[in-house]
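To keep things clear, I will list the structure first and then write my remarks on it.
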Amino acid sequence: MSLFIGIEQTKLCRADKRRLQSPLCSGVVLFSRNYQNPEQLRALIQEIRQLRPQILIGVDHEGGRVQRFREGFTLLPAAAQIGRIFDQDPVISWSVAQACGVILAYELRAQSIDFSFAPVLDLYDPKSTVIGDRAFHENPAIVSVLSCSMRRGMKTVGMAAVGKHFPGHGRVSGDSHHELPIDTRSDAERRADLVPFIFNVQQDIEALMMAHILMPDDTLPASFSAKIIQELRDWGFKGAVVSDDLDMAAAKQFATPTQCVQAVLDAGADAAMICNHFADMDRVIDEGVTVRDSAASQKRLALLRGAEYDDFVAEQAYQKAQATLTKYRSWFVA
160 MSLFIGIEQT KLCRADKRRL QSPLCSGVVL FSRNYQNPEQ LRALIQEIRQ
210 LRPQILIGVD HEGGRVQRFR EGFTLLPAAA QIGRIFDQDP VISWSVAQAC
260 GVILAYELRA QSIDFSFAPV LDLYDPKSTV IGDRAFHENP AIVSVLSCSM
310 RRGMKTVGMA AVGKHFPGHG RVSGDSHHEL PIDTRSDAER RADLVPFIFN
360 VQQDIEALMM AHILMPDDTL PASFSAKIIQ ELRDWGFKGA VVSDDLDMAA
410 AKQFATPTQC VQAVLDAGAD AAMICNHFAD MDRVIDEGVT VRDSAASQKR
460 LALLRGAEYD DFVAEQAYQK AQATLTKYRS WFVA
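Heads up, the sequence shown is in the numbering used here, so the first residue is 160 and it goes up one at a time.
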């Protein structure tokens, strides 16, 4: 069990069911193509759970331009908007970040979704088209505290966090969806990128997503690099490591889909993602991969499972979070 896959449409088709029944499949990642309204989403997830009761279900639901479910969900601000509030009033920004975490988690957990790929731990750079306003701030200390505030809100409603994109994509030129970004910056600049990741590891973040970026002393992207993943373990990180989507151009140029998945797992990741090219998913499932230390990986991935929470406490937290967001929404700058 090592593969996170995508679903084709708003209901399960025969091919989806076949993929879900593969022992390699341990998770599902949902996208906007899978969503019409909350009722349809609930039915889709129930269908998935009937087939695979213990499968992990996640979604990219950061806020701003990366929020897969919109109609019927609270529209959350981009992280950079919260960062701008910090520049005016840090205390208010902490409250807003935590409120966004509560709302995000409450609305997703109500649909039986386990986790979101959030928060973004990259540093803000206005020139970046792939990260940009998805990042809280250019100051790594501010990213550290705001991301932990968001995580605190998520945890109130039983949701784990998946920080991304290690070792830092925000200030690296290039979009890994379309090309392989190469980090040519100084060591000092790269060290600054690591600060929010180190801080969140120290605060026991449950999972981290690897970036498809090439470091200057490596021959493969970070997501394929045993050395870079081992660096996380050397920090004392005990959570799950997941790849970014291996359908991205930055990853696909190196090998076949199956070879990419195998390379990611061999490097020490706990799960590999192929979410958008269904023929690639089928190829990996049919050809198979070898999973090393599967029991340890499954234990780490279990940290992503939605936890039980007190309904009364969660409802009170949600109402308070909505009031906070309403109160300060006028502070958000586009």
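Idealized CB from N, CA, C, for every residue including glycine.
Determine the direct distance from the alpha carbon of residue j to that of residue i, and round the result to whole angstroms.
i: Val401; j: Val448; result: 16 Å
i: Glu446; j: Phe245; result: 50 Å
i: Leu168; j: Arg192; result: A small correction: the amino acid at residue 168 is Gln; Leu does not occupy that position in the sequence shown. Distance between the alpha carbons of Gln168 and Arg192 is about 6 Å.
i: Arg211; j: Ser489; result: 43 Å
i: Lys458; j: Ala381; result: 23 Å
i: Asn435; j: Leu171; result: 15 Å
i: Val443; j: Glu474; result: 42 Å
i: Arg344; j: Ile241; result: 27 Å
i: Val304; j: Asn359; result: 9 Å
i: Glu467; j: Glu365; result: 16 Å
i: Ser252; j: His371; result: 30 Å
i: Pro326; j: Ala239; result: 19 Å
i: Asp292; j: Gln213; result: 34 Å
i: Gln195; j: Pro236; result: 21 Å
i: Phe471; j: Ala480; result: 14 Å
i: Ile204; j: Ser271; result: 7 Å
i: Gln389; j: Thr288; result: 29 Å
i: Gln418; j: Asp406; result: 12 Å
i: Leu367; j: Ala399; result: 6 Å
i: Gln209; j: Ser308; result: 35 Å
i: Thr485; j: Ala414; result: 48 Å
i: Leu282; j: Val354; result: 10 Å
i: Ala300; j: Asp404; result: 28 Å
May I ask you to report which of helix, strand or coil DSSP gives residue i?
i: Phe437; result: helix
i: Cys172; result: coil
i: Phe358; result: helix
i: Val218; result: strand
i: Phe276; result: coil
i: Val187; result: strand
i: Ala480; result: helix
i: Asn196; result: coil
i: Gln213; result: coil
i: Phe491; result: coil
i: Arg459; result: helix
i: Gln389; result: helix
Out of the options, which one is the CA nearest neighbour of residue i?
i: Asp429; options: Met440, Asn435, Asp445 and Leu391; result: Leu391
i: Pro278; options: Ser252, Gly322 and Ile251; result: Gly322
i: Pro416; options: Phe437, Lys397, Pro197 and Gly398; result: Phe437
i: Asp452; options: Glu467, Gln389, Asp425 and Asp439; result: Asp425
i: Arg502; options: Leu367, Pro340, Met374 and Tyr194; result: For the chain, the structure presents residues 160 to 493; residue 502 sits outside this window and is missing.
i: Gly317; options: Val331, His220, Thr288 and Arg464; result: Arg464
i: Asp363; options: Asp352, Ala385 and Gly395; result: Gly395
i: Leu200; options: Ser185, Ala347 and Glu266; result: Glu266
i: Gly223; options: Phe295, Ile204 and Leu162; result: Phe295
i: Thr315; options: Asp377, His328, Ala258 and Pro299; result: Ala258
i: Arg310; options: Leu280, Phe190 and Met369; result: Leu280
i: Asp328; options: Ala300, Ala174 and Ile290; result: It is worth fixing the name first, because residue 328 is His in this sequence and not Asp. Answer by Cα proximity: Ile290.
i: Val450; options: Ser185, Ala174 and Gln180; result: Ser185
i: Val302; options: Arg173, Asp346, Ala256 and Ala319; result: Ala256
i: Val420; options: Phe383, Ala454, Ile387 and Lys397; result: Phe383
Residue i: beta carbon under 7 Å from a heavy atom of the ligand ZN?
i: Phe245; result: With respect to small molecules bound, the structure shown includes none, and the ligand ZN cannot be examined in it.
With DSSP as the reference, identify every bridge partner of residue i, one or two as the case may be.
i: Met369; result: Phe325
i: Gly165; result: Val188
i: Val400; result: Leu367
i: Met432; result: Phe163 and Asp404
i: Ile341; result: Leu373
i: Arg319; result: Note that residue 319 is Ala in the sequence shown, not Arg. Bridge partners of Ala319: Phe274.
Note down, one range per segment and in chain order, each beta strand (DSSP E) of at least 3 residues found wholly within the region 220–247.
220–222
Alpha helix (DSSP H) runs wholly inside the region 288–315, at least 4 long, in chain order:
299–315
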